[in-house]
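Participant: Sequential numbering from 29 applies to the sequence shown in this note's numbering.
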Amino acid sequence: MRLADYIASLVAAHGVTDFFTVTGGGAMHLNDAFARNKQLRGICLHHEQACTMAAEAYCRLSGRLALVNVTTGPGGINALNGVHGAWTDSIGMLVISGQVKQETMATSYDLPLRQLGDQEADIVSMARGITKFATVLRNKEDVRYVVEKAIHLALTGRPGPVWIDVPMDIQGAQIEPDTLRGYVPEAHDALPNIAEIAEILRNARRPVIMPGTGVRIAGAYDAFLKLVELTGFPVATAFNAHDLLPEGHSSYVGRPGTVGDRAGNFAVQNADVVLILGCRLNIRQISYNWENFAPDALKIMVDIDQAELSKPTLDIQKAVCADLKDFIPALVQALGNFVPSEDQNRYLAWCQERHRLHPVMRPEYEDDTQGVNPYFFADNLSDAASGNDVIVTANATACVTTFQTAKIKPGQRMFSNSGSASMGYDLPAAIGAAIAAPERRVICLSGDGSFMMNMQELQSIIAMGLNIKIFLLNNDGYSSIKQTQRAFFPDNMFGCDASNGVTFPNFCRVAAAFGFEPRRVTAHAALSQTIAETLASPGPQFCEVVLNPMQVFAPKLSSRKLDDGRMVSSPLHDMAPFLSREELAKNMWSNT
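1. My guess is that Val296 and Leu326 are in contact by the Cβ rule of under 8 Å, so how many angstroms apart are they, rounded?
2. Taking the alpha-carbon of Val367 as reference, which of Leu144, Ala613, Leu258 and Asn482 has the nearest alpha-carbon?
3. Compute the Euclidean distance between the alpha carbons of Ala564 and Ala94, then round it to the nearest angstrom.
4. Quick check: the stretch 420 to 427 against the stretch 436 to 446, are there 3 or more CB pairs under 8 Å?
5. Mapping the DSSP letters down to three states, classify Val549 as helix, strand or coil.
6. Among the candidates Pro583, Arg156 and Arg166, whose CA atom is the shortest distance from the CA of Glu131?
7. Assuming the contact rule is C-beta atoms closer than 8 Å, Val96 and Val123 should be a hit. Round their C-beta distance to whole Å, please.
8. Taking contact to mean at least 3 C-beta pairs separated by less than 8 Å, is the stretch 165 to 184 in contact with the stretch 139 to 153?
9. Inspect the CB distances between the stretch 459 to 469 and the stretch 76 to 86 and report whether three or more fall short of 8 Å.
10. Would you call the stretch 222 to 241 and the stretch 352 to 368 in contact, with 3 or more CB pairs under 8 Å?
11. For Thr163 and Gly276, I'd like the C-alpha separation in whole angstroms.
12. Could you give the first and the last residue of the continuous beta strand (DSSP E) run that contains Thr45?
13. Could you check which residue in Phe544, Leu494 and Ile559 has the C-alpha nearest to that of Ser414?
14. Inspect the CB distances between the stretch 342 to 349 and the stretch 229 to 249 and report whether three or more fall short of 8 Å.
15. Provide the residue span of the beta strand (DSSP E) that contains Gln127, from first to last.
16. Does Phe62 come out as helix, strand or coil in the three-state DSSP assignment?
17. Check Pro357 in the structure and name its three-state DSSP category.
18. Does the Cβ of Asn65 have 16 or more other Cβ atoms within 10 Å, making it buried, or fewer, making it exposed?
19. Using only the alpha-carbon positions, how far apart do Leu376 and Arg384 sit?
20. Please confirm if the stretch 545 to 562 is in contact with the stretch 524 to 534, defined as three or more CB-CB distances below 8 Å between the two stretches.
21. Take Val428 and list the residues in its own chain whose beta-carbon comes closer than 7 Å to its own, dropping the five residues that flank it on each side.
22. In chain order, which alpha helix (DSSP H) runs of at least 4 residues are fully inside the stretch 387 to 427?
23. On a CA-only basis, which of Asn298, Gly543, Met389 and Leu68 is nearest Trp617? Give me that one, please.
24. To the nearest angstrom, how far is it from the Cα of Ile105 to the Cα of Asp476?
25. Within its chain, find whatever has a CB closer than 7 Å to the CB of Leu612; leave out the 5 residues flanking it on each side and keep chain order.
26. So, for Ser450: in the same chain, excluding its five sequence neighbours on each side, which residues have a beta-carbon less than 7 Å away from its beta-carbon?
27. Have a look at Gln372 and Phe261 and give me their C-alpha separation to the nearest angstrom.
28. Tell me, to the nearest whole angstrom, how far the beta carbon of Gly53 is from that of Thr99; I am working on the premise that it is less than 8 Å.
29. For a quick check, are the C-beta atoms of Met121 and Pro195 less than 8 Å apart?
30. Excluding sequence positions up to five away, which residues of its chain have a Cβ less than 6 Å from the Cβ of Gln67?
31. Of the residues Met578, Lys589, Asp197 and Ala85, which one's Cα is nearest the Cα of Gly399?
32. Taking just the CA atoms, how far does Pro387 sit from Thr425?
33. Report buried or exposed for Glu572, applying the criterion of at least 16 other Cβ atoms within 10 angstroms of its Cβ.
34. Below 7 Å CB to CB, which residues in the same chain sit around Pro568 once its five sequence neighbours on both sides are set aside?
35. Quickly, what does DSSP pair Cys349 with across the bridge? List them, please.
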């Protein structure tokens, strides 16, 4: 049996059904084998980074592994950007690349060669730092062991991407499948004793649960909901995990973080116990003023990666290295017939009141004299979206304003890539989501800058007739960069819009060239109807939304200038635009 055919049958036997690819000569046996296998469906895209970004979103939504097949040299190098996104966000991915035959691999010789084979690159050395496992398959007898190990590692423990590089002579080699050795996984560590944690939660007066993306990644979503229903504790969702609870849930109290909302930050900052589940507490979440994150709380952090628990930016009183799919059910059992105390109920009501008093939407966002306000757009889109929708966003404006504003409905999914946060993520990720869940409508929020990085995938969307509704948010450049430059270098604006070096095409003409019948909206009066028409129309849709380019992110954590001129990093509860000191004091529990 040809080794490439064996790989195809083996990955299919392990549940892989879809692969994303840009074909190439260096992967010719792999291309042929994957295409011949009737259990695998090939999705051809137009850039290798789009393949890995699509595979990331595919796994993020479905929990299933997608295969990425790329060729040697530039094919693998192009794929690295999306691999890094999967690495930072803990999403499983299997990359199998072609490589030149071993006798023309520079690494086969003890010489400082830059390249020997045609289009050769030592891709494994490049990928090793952003993958859980990366190897060159040099011995054909190791194929079963290597593939099974890669698949196991991609989805167990802290998930992440894996990479197998297969030289041409190995791809086409003949093997005897029955003689191949398999991979035997190591046993899991035992679950730590959580009786003490259960007791801490029982005795807490102002508890908050802060769940992150690790809840879904661990397959612990249903158990998490049981924990929330059992305790009735306030839940403040971490960045990129806001779809864990719908807006109307009685325990939902907000979205903490540097670009979260005031209510979520007030809940966490005033807590006396914070249970952090599957959230690595990165800088975007806890800020550069991390010493003042939940300053009066006993922080219990549960994460599967010990390194995350040991970071120098954290002060965790109870660090638990465990898999949430084991930990949360055990905690529910340990809590038994839990009944929240009067103090706990009072704190929930207080947090709910903060959520009511401090909405993200402000009256001035209804002003459209300079274009559609992005917060007004996000609010209207949220009203129009259904619980069956998957909302995939680019970074910057598309992500921040939507994550702050969207009113999550039961069953709805909403995500971006937050760790790498690469421009160009949105279109490929929407494709991956649509392939993973063809029965669902995918709403893709693309920024003008992000769109330019992967616009070629409009052709893929049109060709496959995917149920993707694209909203191109045009704010005339790189809004996040403009906000930074206005704050720090106002006399030298550069590389962020058409006035200083970055120009953009007529987006509707671009979309039309790919076969869309584009819509365009420039004012609030037509916004609701245009959104409704775009969402209701069958098949791929494209709508350009011309935004107010001057709108800043708000609320947002920002440094504050003191009366003596000094700049200080604000704690999370003190977001810009700054409340008066009197108003801020009213939202601190110690003053109640």
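Quick reminder that beta carbons are idealized off the backbone N, C-alpha and C, glycines included.
These numbers were taken from a predicted model, which means no experiment stands behind them.
Facilitator: In brief:
1. Reading the sequence shown from its first residue, position 268 is the one you call residue 296. Reading the sequence shown from its first residue, position 298 is the one you call residue 326. In fact, because the Cβ distance is near 13 Å, the residues do not count as touching under 8 Å.
2. Position 339 of the sequence shown holds residue 367. For Val367, the nearest C-alpha among the options comes from Leu258.
3. Position 536 of the sequence shown, counted from the start, is the residue given in the question as residue 564. Position 66 of the sequence shown, counted from the start, is the residue given in the question as residue 94. One alpha carbon belongs to Ala564, the other to Ala94, and they sit about 29 Å apart.
4. Yes, since at least three Cβ pairs between the stretch 420 to 427 and the stretch 436 to 446 fall closer than 8 Å, the two stretches touch.
5. In the sequence shown, the residue the question calls residue 549 occupies position 521. In the structure shown, Val549 sits in a strand (DSSP, three-state: E or B).
6. Within the sequence shown, numbered from 1, the residue matching residue 131 stands at position 103. Per the Cα distances, Arg166.
7. Your numbering for residue 96 matches position 68 in the sequence shown. Your numbering for residue 123 matches position 95 in the sequence shown. Going by Cβ atoms, the distance from Val96 to Val123 rounds to 5 Å, so yes, they are a contact pair.
8. The answer is no - the stretch 139 to 153 does not touch the stretch 165 to 184, with fewer than three Cβ pairs under 8 Å.
9. Yes, the stretch 459 to 469 touches the stretch 76 to 86.
10. The stretch 222 to 241 is in contact with the stretch 352 to 368.
11. Stepping through the sequence shown from its first residue, residue 163 is reached at position 135. Stepping through the sequence shown from its first residue, residue 276 is reached at position 248. Whole-angstrom Cα-Cα distance: 48 Å.
12. As a first step, residue 45 is located in the sequence shown; it is residue number 17 there, counting from the start. Following the DSSP letters along the chain, one finds Thr45 in no beta strand (DSSP E), marked with neither H nor E.
13. Locating residue 414 in the sequence shown gives position 386, counting from the first residue. It is Ile559.
14. In the pairwise beta carbon analysis, the stretch 342 to 349 is classified as not touching the stretch 229 to 249: fewer than three pairs are separated by under 8 Å.
15. Within the sequence shown, the letter at position 99 stands for residue 127. For Gln127, the enclosing beta strand (DSSP E) covers residues Met121 to Gln127.
16. As a working mapping, residue 62 is identified with position 34 in the sequence shown. In the structure shown, Phe62 sits in a helix (DSSP, three-state: H, G or I).
17. Translated into the one-based positions of the sequence shown, residue 357 becomes position 329. Secondary structure at Pro357: helix, using DSSP grouped into helix, strand and coil.
18. For the purposes of this step, residue 65 is taken as residue 37 along the sequence shown, with counting starting at 1. So Asn65 counts as buried.
19. Within the sequence shown, numbered from 1, the residue matching residue 376 stands at position 348. Within the sequence shown, numbered from 1, the residue matching residue 384 stands at position 356. So the alpha carbons of these two residues sit roughly 12 Å apart.
20. The stretch 545 to 562 makes no contact with the stretch 524 to 534, as fewer than three CB pairs between them are under 8 Å.
21. Translated into the one-based positions of the sequence shown, residue 428 becomes position 400. Here the set comprises Val287 and Phe581.
22. 402 to 412, all fully within the stretch 387 to 427.
23. Counted from its first residue, the sequence shown places residue 617 at position 589. With distances taken between Cα atoms, Trp617 lies closest to Asn298.
24. The residue given as residue 105 occupies position 77 in the sequence shown. The residue given as residue 476 occupies position 448 in the sequence shown. Near 25 Å, if we compare the C-alpha coordinates of Asp476 and Ile105.
25. As a working mapping, residue 612 is identified with position 584 in the sequence shown. So the list reads Asp602, once near-sequence residues are dropped.
26. Along the sequence shown, read from residue 1 onward, the residue named residue 450 stands at position 422. Around Ser450: Asn109 and Gly113.
27. The residue given as residue 372 occupies position 344 in the sequence shown. The residue given as residue 261 occupies position 233 in the sequence shown. In a straight line, the C-alpha of Gln372 is about 7 Å away from that of Phe261.
28. Along the sequence shown, one-based indexing puts residue 53 at 25. Along the sequence shown, one-based indexing puts residue 99 at 71. Yes, Gly53 and Thr99 are in contact; Cβ-Cβ is about 7 Å, under 8 Å.
29. Residue 121 sits at position 93 when you count from the first residue of the sequence shown. Residue 195 sits at position 167 when you count from the first residue of the sequence shown. No, Cβ-Cβ distance for Met121 and Pro195 is not below 8 Å.
30. One-based indexing of the sequence shown puts residue 67 at position 39. Ala40.
31. Numbered from its first residue, the sequence shown carries residue 399 at position 371. Of the listed residues, the one whose Cα sits closest to Gly399 is Met578.
32. Against the sequence shown, residue 425 aligns to sequence position 397. Against the sequence shown, residue 387 aligns to sequence position 359. Rounded to whole angstroms, Thr425 and Pro387 show a C-alpha spacing of 18 Å.
33. Mapped onto the sequence shown, residue 572 falls at position 544. So Glu572 ends up on the buried side.
34. Residue 568 sits at position 540 when you count from the first residue of the sequence shown. Excluding residues within five positions, the ones whose Cβ falls inside 7 Å are Ile489, Ile490, Gly493, Leu494, Ile496 and Phe544.
35. As a first step, residue 349 must be located in the sequence shown, where it is residue number 321. DSSP, once it has assigned bridges, lists Asp331 as partnering Cys349.
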